[in-house]
Structures are given as C-alpha cells and as structure tokens.
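K.L.:
In our numbering, the protein residues as written are 327 to 763.
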Ligand SMILES: Cc1ncc(COP(=O)(O)O)c(C=O)c1O
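(1) Excluding sequence positions up to five away, which residues of its chain have a Cβ less than 8 Å from the Cβ of residue 546?
(2) Hey, how far is the Cα of residue 440 from the Cα of residue 413?
(3) Quick check: does the Cβ of residue 753 come within less than 7 Å of any heavy atom belonging to ligand 1?
(4) Am I right that residue 476 and residue 517 are in contact with their C-beta atoms under 8 Å? What's the rounded C-beta distance?
(5) Are the beta-carbon atoms belonging to residue 659 and residue 605 less than 8 Å from one another?
(6) Would DSSP call residue 650 helix, strand or coil?
(7) Please name the residue or residues paired with residue 718 in a DSSP beta bridge.
(8) Per DSSP, which residues does residue 629 bridge with? Please list them.
(9) Reducing DSSP to helix, strand and coil, say where residue 639 ends up.
(10) Taking DSSP's pairing of strands, which residues face residue 702 in a bridge?
(11) With 16 as the cutoff for other CB atoms within 10 Å, does residue 796 come out buried or exposed?
(12) So is residue 639 buried or exposed if we call it buried at 16+ other beta carbons inside 10 Å?
(13) What do you reckon, are the CB atoms on residue 629 and residue 449 nearer than 8 Å?
(14) Going along the chain, which residues of its own chain have a beta-carbon closer than 6 Å to the beta-carbon of residue 511, five neighbours each way excluded?
(15) Could you tell me the distance, in whole angstroms, from the CA atom of residue 671 to the CA atom of residue 468?
(16) So which residues put a beta carbon under 6 Å from any heavy atom of ligand 1, going in chain order?
(17) Can you say whether residue 666 is buried or exposed, counting buried as having 16 or more other CB atoms within 10 angstroms of its CB?
(18) Taking the straight line between their C-alpha atoms, what separation do you get for residue 677 and residue 402?
(19) According to the neighbour-count rule (16 or more other Cβ atoms, all chains shown, within 10 Å of its Cβ), is residue 327 buried or exposed?
(20) Distance, Cα to Cα, residue 641 vs residue 589?
(21) Relative to the C-alpha of residue 595, which residue among 375, 341 and 393 is closest?
(22) Express the C-alpha separation of residue 489 and residue 722 in angstroms, rounding to a whole number.
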C-alpha cells in the first residue's frame, strides 16, 4: 500500500477540485442590464417611495417572502447587518442580556454588544451543535431580553423547545440562518419560526451576491423597525408617523441593485443546489460510517440539513490516534485549494469558542458587561461551555468536499483519502504522540 502523503508518500490526488461557482449566464445578464441602466442603487434616505430601495431589491424581497413563506423580507448588505438590525429592532439595550451560542461566526454573538447589551453564552447540543434548550434555561435571568439561535452548519436547532422557553419568559428569538437556508424543522423553514430570521448572501454561502443578506419576520412592527434601521430611520420617522423610535438611529445597511439583480436569480437555484449538497453529503455519510470511530452527524427526525459544512464526530479511543493528526493526514492526501490557495476544505473543530476571544476578556468596549447599567455578572472563562470545548478541541471535524460541482470521481478521491489514512493510521502513532499533547 502507498505510503501516506504526510510521511512523504504520493498523495491520493494533486489536481485541484472544481471551484464552487453558482453564478451563471442569468446573473451576468441581469448585472449587465443594471450597468446599462446606470442605476446601481436607488435608495433615498428620505420619506419617499425609494426609501425602500430600487425595483430589484424589492423583487428579491418578494421572491424571498414567497420562497420562505414569510410576511416580510428586508434585504440588507450582510447577515452581520441583519443581526445588528435585528437586535435594534428587538429593543435590546444596555443592561440587557442576550443568550447566544459560543460555537458560531463572531457576529452572531457581537450583535448584542452593538446595542450595549451583554452576550451570555449557553452551551450547545452535542448532536445538532446548536444552542440547547436546557443550557438556555440554565442561563436565564431577570435581565434576559432575547435569544440568538444559530442553525450552525445548516442543522436546525431545537426550535420548538426554544420557542416554548421564549414564550414562557417573554423573550424575543432571532434565528441566525446564515448557514441554513431552507433547512426545515418540523415542516417549517428555519428563520420563519422565531421573531426574526437572518440569512447571508456572502460569497461562501449556498447562494450569494458577493456580500448581502436578508432579514425576515411575520411581525409588521419588527419589519418596520428593520427597514428604518437599514436606511437612516431617524430622517423619516416624523413624515412616516412612526411612534416608537427607541433604537431607531439608522445605519446604511442597503443592498445595491447590482447585488439584488444577482440575488433574484440565485434564489431560484437554491433548492437545486441544496439537493446536490444533500446527495454528496449522503455519499460521505455512507462511506465514512464504515470507519469505526468516525460518525456522521445525525439529522434529527423531522429536520432537513442544509450542509453548509458537513460535520463528523471523531472518537480518538476507537480510531487510536488524535483527531488533529488524522485530519492533517487526510488533508495531505488531497489538494488544499478550492476557490483559492490557502482555503482548507477540511478542518478539525470549527471556530474557537467565542467567549475565549480577547474582546470578552480585555476592555474592548464600555458597553455590554462593562456598562454601568449592567447589574449581572457575565462569565467568559475556559470551561464555561464544556460540550462546545470538547467538540472544538477533540471531537468534531468538518469538510466542504460535498459542495455542488464535485463529480463522482472527485467524491471517490476524497473517500479514498479518508480510507487510505484510516487503514494506515497506526503508522501515525509516533506523530500522534508528539502532536497529541
Ligand atoms: C453563522 C453565521 N452568522 C453570521 C454570518 C455573517 O454573515 P455575513 O458575512 O453575511 O455578514 C456568518 C458568515 O459566515 C455565519 O456563518
């Protein structure tokens, strides 16, 4: 059998995998038409029809409403903007606590800080990897105002239980669906279950407009507040007759007509792209589930998974070497680049638990836990969320080899790399001992 690439042998494959590019002729044509019109954006920060943006922004919003079965969709220039606007719309303020997940992209947890509130980290469910109802309950306080739920990697959180807690305690729920467009939970799309759902259209998501996002809600008051926050709301509240202006100092979260033109076509492709992701993920689930100690993430009954990343659980005892050594060795068998060099397509863990970031430990802001109006004690130390830490440092690994565009041969090469390393894992024991501290 060929020697492992990490030990100097020939890799399973050196040819790059196809780049992921969901942009086609329709998007190019639509962008060309906007360019020809000269109207690359049509927002006006005044009480005028164009306060709500140009025709393509509105078309994108109409399509989004239909696709997700929601009453209001507000296009924004990123999911980060959408999350910030969601906090503002929910009336989050200094002194409030917002319960968040530690295992997510940073903006899902910084959003409360933007409005002076304090992020309170609750641990994740060991299977779906999203914030768990039991850890939310354990973190409730009289100061809790809202919960930000992230459907991480594309698997839905336990929304029914989370909504029950929220209703019982009068809390607002914002769903971060950046990684989970059209994931379903008991027949309902995530994003349409909580009070506000936020989607991302950045370039590494399922569908994209380069940068962009959409916030959705069924609540007309929240929709109005999102629209005001998107576009200098303070300027229009008098003419519009808006009564509640708390937090309504607006930003510029506006999506351009160029981006909306792309989004109008991208949304039509979403279901097809998800089908491909699911089919490719099923291939790896089947193949890798034959390797003792490697377990594909199960999809909870009643849910569908959007597979932004495909996640596996690694049992070091059963495999016999540490996860990081195994994954490094698999990575060495395959070309590292997908869209660009340096972008790893396989990784151990995800992001460091967010409460370990410096901004939560040093005086990065006078708001949140440092605000004089905050009467609680926010904890951000190691050990705060043991399931998250165990997943990140020992158990979880993920890859993006299931993206659409991979041929059967490409998928086979990846599976072969996993098998090759698995079969020869004992040759890595020395390496494991050195690196496994
Ligand atoms: C879970 C999650 N939330 C929020 C964001 C922020 O999205 P955007 O880049 O559109 O601001 C991302 C982006 O990677 C994400 O993965």
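Built from N, CA and C at the ideal position, the CB exists for glycine as well.
Everything numeric in this text was worked out from a predicted model, so none of it was measured.
P.N.:
By the coordinates alone:
(1) Residue 546 sits at position 220 when you count from the first residue of the chain shown. Closer than 8 Å at the Cβ level, and outside the excluded window around residue 546, lie 397 and 398.
(2) Against the chain shown, residue 440 aligns to sequence position 114. Against the chain shown, residue 413 aligns to sequence position 87. Spanning the two alpha carbons is a distance of roughly 8 Å.
(3) Residue 753 sits at position 427 when you count from the first residue of the chain shown. No, since every heavy atom of ligand 1 falls outside the 7 Å radius drawn around the Cβ of residue 753.
(4) In the chain shown, counting from the first residue as 1, residue 476 sits at position 150. In the chain shown, counting from the first residue as 1, residue 517 sits at position 191. At roughly 11 Å, the Cβ-Cβ gap does not stay under 8 Å, so residue 476 and residue 517 are not in contact.
(5) For the purposes of this step, residue 659 is taken as the residue at position 333 of the chain shown. For the purposes of this step, residue 605 is taken as the residue at position 279 of the chain shown. Contact: no.
(6) In the chain shown, counting from the first residue as 1, residue 650 sits at position 324. Correct three-state label for residue 650: helix.
(7) Taking the chain shown and counting its residues from 1, one reaches residue 718 at position 392. Residue 718 is not bridged to any residue.
(8) Indexing the chain shown from 1 puts residue 629 at position 303. 511.
(9) The count along the chain shown starts at 1 and reaches residue 639 at position 313. Per DSSP, reduced to three states, the secondary structure at residue 639 is strand.
(10) Within the chain shown, the letter at position 376 stands for residue 702. Partner(s): none; residue 702 has no beta bridge.
(11) This structure does not reach residue 796, given that the chain is present from 327 up to 763, and the question cannot be answered.
(12) Reading the chain shown from its first residue, position 313 is the one you call residue 639. Burial call: buried.
(13) Position 303 of the chain shown, counting from 1, holds the residue named residue 629. Position 123 of the chain shown, counting from 1, holds the residue named residue 449. In this structure, residue 629 keeps its C-beta atom at 8 Å or more from the C-beta atom of residue 449.
(14) Residue numbering aside, residue 511 sits at position 185 when the chain shown is read from its first letter. Around residue 511: 482, 485 and 629.
(15) For this step, residue 671 is matched to residue 345 along the chain shown. For this step, residue 468 is matched to residue 142 along the chain shown. If you draw a straight line from the Cα of residue 671 to the Cα of residue 468, it is about 43 Å long.
(16) This criterion selects 404, 405, 406, 430, 431, 433, 434, 476, 502, 504, 505, 526, 528 and 539.
(17) On the chain shown, residue 666 is found 340 positions in, with the first residue counted as 1. Low per-residue confidence applies at residue 666: pLDDT is 47, beneath 50, and the placement is therefore not dependable enough to give any value.
(18) On the chain shown, position 351 is the one that residue 677 refers to. On the chain shown, position 76 is the one that residue 402 refers to. Whole-angstrom Cα-Cα distance: 25 Å.
(19) For the purposes of this step, residue 327 is taken as residue 1 along the chain shown, with counting starting at 1. The residue in question, residue 327, is exposed, as its Cβ has fewer than 16 Cβ neighbours within 10 Å.
(20) Residue numbering aside, residue 641 sits at position 315 when the chain shown is read from its first letter. Residue numbering aside, residue 589 sits at position 263 when the chain shown is read from its first letter. Taking the Cα positions, residue 641 is about 41 Å away from residue 589.
(21) As a working mapping, residue 595 is identified with position 269 in the chain shown. It is 393.
(22) The sequence position of residue 722 within the chain shown is 396, counting from 1. The sequence position of residue 489 within the chain shown is 163, counting from 1. Taking the straight line from one Cα to the other gives about 27 Å.
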